[in-house]
Amino acid sequence: MRGRLSCRRGWCWTRRKSREKPRGCAGCNGKIRDRFMLQALDRYWHEDCLKCACCDCRLGRVGSTLYTRANLILCRRDYLRLFGVTGNCAACSKLIPAFEMVMRARDNVYHLDCFACQLCRQRFCVGDKFFLKNNMILCQLDYEGGHLNGSAERQPQ
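Numbering (the numbering used here), first residue to last: 1 to 157.
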């Protein structure tokens, strides 16, 4: 019987019993004689053989995450590039690639660099209050100063 030691998205480290017959690696077809082996897509792998099908980056390192789809093993970047959803930034209207980190305010999505007060361009830090007024992001000073006409919605934190 084998025990799972550390499970991550898409793969698990599996301990091989000392008397258990070595399994074949799905990457190189060699025998896995190591004490631990990786299991992904119901196959076993050497740590160095578990790689992204697109870019060949190693995925067997502790802390790495892999994604599987259509019987492919992929890194996060390639998974999102192939299967992710893209959209446009609400501030600059440029395309946001699916693998890029974003900020959201209600139904709007922003590049990290574009998520700033749209009047004074002040960037927000973690914990800063911001307001959504007429679909524009405002810092607290510009919101309270009433620099735009109309009603405002406070973005819940």
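By construction, the Cβ of each residue, glycine as well, lies at the ideal position given by its N, Cα and C atoms.
{"Asked": "Would you grab the beta carbon distance between T68 and A91 for me? Rounded to a whole angstrom, and I think it's under 8 Å.", "Found": "Between A91 and T68 the Cβ distance is about 35 Å, and since that is not below 8 Å, they are no contact."}
{"Asked": "If I measure Cβ to Cβ from R61 and keep anything under 8 Å in the same chain, skipping five residues before and after, which residues do I get?", "Found": "E47"}
{"Asked": "Quick one: residues in its chain with C-beta nearer than 7 Å to the C-beta of C25, no 5 flanking neighbours on either side, listed in chain order?", "Found": "I32, Y44, W45, H46, C49"}
{"Asked": "Tell me the start and end of each unbroken alpha helix (DSSP H) in the region 59 to 103 that is at least 4 residues and wholly inside, in chain order.", "Found": "76 to 83"}
{"Asked": "Quick check on the DSSP output: the beta strand (DSSP E) that includes L38 runs from which residue to which?", "Found": "36 to 40"}
{"Asked": "For L141, count neighbouring C-beta atoms within 10 Å of its own C-beta (all shown protein chains included) and say buried if the count is 16 or more, exposed if not.", "Found": "exposed"}
{"Asked": "Alpha carbons only, please: which of R123, V126, F124, L119 is nearest the one belonging to N134?", "Found": "L119"}
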